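FYI, numbering that gives the first Met the number 0 numbers position 132 of the sequence shown as 131, with every residue one higher than the one before it.
The beta carbon of each residue, even a glycine, is placed where N, CA and C say it ideally should be.
Being a predicted model, the structure only gives us computed values, none of them experimental.
See structure below.
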Amino acid sequence: MKKLFLISLTFLFLLVGCTYERGIILFNTQPITKENALSDAKVFSVGQRVYYLFIAPRRMENKYIRVQIFKMTDKAPWGGNEVVRTKDFRLMKDERYYHSDYFTLHSAGRYVMQVFSIDDLQHPLSLNDFYIK
């Protein structure tokens, strides 16, 4: 019993030690301000502007981030993910903790947005999903 407990405790520490620190992405139908930042939206209409705010888990030392949007679908050849949009942004000195912008999508479906540090394109800093109806 004691041996099983030690093995499970070791496994738990390994799991906790391997997680990545993640930021958050908030979506809204209006440009994001202090007043509406916490009213996060998940469902948007086709052709409607989707405003987003990415808040980093800690100060980003690099000057560039990559924002990627992909569509979850059964028709895509790569496991149901179809990359719709990828764009790199240069961060100004006062934007090292956040980034805000908008985009428009013209096809209904479930989408996922990821934000990467340009230094590490394997592990996203943050990700969130939303729907276009």
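DSSP places Lys70 in the strand class (E or B) of the three-state scheme.
Per DSSP, Glu81 is one residue of the beta strand (DSSP E) stretching across 80-89. The three-state secondary structure of Asp118, taken from DSSP, is coil.
Annotation for Lys132: Val42, Phe43, Ser44, Val45, Ala107 place their beta carbon closer than 8 Å to its own, counting only its chain and skipping 5 residues before and after. Under DSSP, Ile54 shares a beta bridge with Ile23, Tyr97. Put simply, the backbone Cα of His105 is about 17 Å away from that of Asn27. DSSP places Asn127 in the uninterrupted beta strand (DSSP E) bounded by 125-131. Of the other Cβ atoms in all chains shown, 16 or more fall within 10 Å of the Cβ of Val66; this residue is therefore buried. Cβ-Cβ separation between Phe129 and Tyr110: approximately 6 Å, consistent with a contact (criterion under 8 Å).
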